[in-house]
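Just so we're aligned: the sequence shown equals residues 46 to 320 in the numbering used here.
From the three backbone atoms N, C-alpha and C, an ideal C-beta is built for every residue, glycine too.
Note that the coordinates shown come from a computational prediction; the quantities given were computed from them, not determined experimentally.
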Amino acid sequence: IIIRRMMEQVRGVVSRFHLPQRVGERAQEYYRLAEMKCSSLMSGACLAVVCTELACSRLGEPFDKSLGQKLSGLQRKGYSSAYRNVEEMLQLQSTTSCSLKNLSVRLDCTDAEDRAKKVLENYEKYLDGSLTALQRKAIDLSKALYPAAALYVACKLLKVRCEKGKYVSAAGCSGTMFQTVVEQMQAHSPKTTDDAAKKKNRKHQSSSSSSRIQSEQDKQDESGNQDGMSSEKQHSRPEPKREVLHDRILSSPFSEEYLEWKERTIRLARTRIKD
Numbered sequence: 046i047i048i049r050r051m052m053e054q055v056r057g058v059v060s061r062f063h064l065p066q067r068v069g070e071r072a073q074e075y076y077r078l079a080e081m082k083c084s085s086l087m088s089g090a091c092l093a094v095v096c097t098e099l100a101c102s103r104l105g106e107p108f109d110k111s112l113g114q115k116l117s118g119l120q121r122k123g124y125s126s127a128y129r130n131v132e133e134m135l136q137l138q139s140t141t142s143c144s145l146k147n148l149s150v151r152l153d154c155t156d157a158e159d160r161a162k163k164v165l166e167n168y169e170k171y172l173d174g175s176l177t178a179l180q181r182k183a184i185d186l187s188k189a190l191y192p193a194a195a196l197y198v199a200c201k202l203l204k205v206r207c208e209k210g211k212y213v214s215a216a217g218c219s220g221t222m223f224q225t226v227v228e229q230m231q232a233h234s235p236k237t238t239d240d241a242a243k244k245k246n247r248k249h250q251s252s253s254s255s256s257r258i259q260s261e262q263d264k265q266d267e268s269g270n271q272d273g274m275s276s277e278k279q280h281s282r283p284e285p286k287r288e289v290l291h292d293r294i295l296s297s298p299f300s301e302e303y304l305e306w307k308e309r310t311i312r313l314a315r316t317r318i319k320d
């Protein structure tokens, strides 16, 4: 009777979400295994919802996480913790179920799969270069969080419309944790790297062009300075002194006539002054 009631709880959750029969069968299987290992871990209703979500995630069926949280009777953090506990207890954290290919099919974003691979590769390089060996070993990129975040970032880069709630649900974590990983991936995404390289090239080109223009201006300034200096030299030639002129006149062949003329002019001027 107890087992029948448990199965009825699972069937009720499956019918509430309008899920196919194969999901109900898988959810009942998970429920029986979880009940055997931890009968007092959580209530029957909560366990039924968690097992149904686990069955949906493994079979690639959509699941409304917000509605499941309400049916479980737990808060968001409590439900996420219960989901992870049951998942680890049943050892359902398989790599294939959380691969990019499976998630892209499940989330209907197969066009973003190749771009998501590049995002995930860049993120892995970032982790290898920024974390210690012990910290890096603690991060398993095969978990659904990282492929789901990579697909979400790839859709944003490709400008493909995507509903964030579906990706958070597929990641199986809190929205805050999902957003943190997304921001880290966006900071090291291929587009960001390409833009940085383009900006660097533009900066290099602008600096080279500015240096070339500056060198041309310097050449023009030098030529202008040379012309100005030559003109200044021409205009600033010193005038011959009076003594030099007097010596030149005395050394000329007409110096005697000049002296006679000078004496006559002086005598004439003196007589006029006396008169």
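If we ignore side chains and look at the alpha-carbon of each, how far apart do residue i and residue j end up?
i: Leu152; j: Lys110; result: 14 angstroms
i: Arg56; j: Lys162; result: 38 angstroms
i: Gln73; j: Asp156; result: 34 angstroms
i: Val205; j: Val164; result: 15 angstroms
i: Asp159; j: Leu78; result: 37 angstroms
i: Arg315; j: Arg309; result: 10 angstroms
i: Met81; j: Leu190; result: 28 angstroms
i: Tyr197; j: Arg129; result: 22 angstroms
i: Lys319; j: Ile311; result: 13 angstroms
Alpha carbons only, please: which of the options is nearest the one belonging to residue i?
i: Glu166; options: Lys182, Ala183, Ala195; result: Ala195
i: Ala100; options: Val68, Tyr76, Ala90; result: Val68
i: Ala183; options: Leu172, Thr97, Met81; result: Leu172
i: Lys188; options: Thr177, Leu148, Lys209, Asp156; result: Leu148
i: His233; options: Glu158, Ser125, Ala199; result: Ala199
i: Ala216; options: Arg71, Gly105, Asp159, Gln180; result: Gly105
i: Phe62; options: Glu80, Leu112, Phe223; result: Leu112
i: Val226; options: Trp306, Leu202, Leu186; result: Leu186
i: Ser125; options: Glu228, Gln229, Thr221; result: Thr221
What three-state label does DSSP hand residue i in the structure shown?
i: Ile318; result: helix
i: Thr238; result: Confidence at Thr238 is low in this model, with a pLDDT of 46, below 50, so the placement of that residue should be treated as unreliable; the coordinate-derived value is given next. Helix.
i: Phe223; result: helix
i: Cys91; result: helix
i: Trp306; result: helix
i: Cys96; result: helix
i: Val205; result: coil
i: Cys101; result: helix
i: Leu313; result: helix
i: Ser187; result: coil
i: Gln54; result: helix
Start and end of the alpha helix (DSSP H) containing residue i?
i: Asp159; result: 158 to 175
i: Lys182; result: 178 to 182
i: Gln136; result: Per DSSP, Gln136 belongs to no alpha helix (DSSP H) and is neither H nor E.
i: Ala216; result: 209 to 216
i: Pro192; result: 190 to 202
i: Gly113; result: 110 to 117
i: Gln66; result: 66 to 82
i: Val150; result: 145 to 151
Quick one, are the C-beta atoms of residue i and residue j less than 9 angstroms apart?
i: Leu145; j: Pro107; result: no
i: Lys122; j: Ser214; result: no
i: Leu116; j: Val94; result: yes
i: Cys91; j: Leu119; result: yes
i: Thr97; j: Val58; result: yes
i: Leu135; j: Tyr212; result: no
i: Leu137; j: Arg103; result: yes
i: Gly89; j: Gln114; result: no
i: Lys201; j: Gln231; result: yes
i: Gln229; j: Tyr168; result: yes
Is the CB of residue i under 9 angstroms away from at least one CB in chain B?
i: Ala90; result: Of the protein chains in the structure, only one exists, and it is not chain B.
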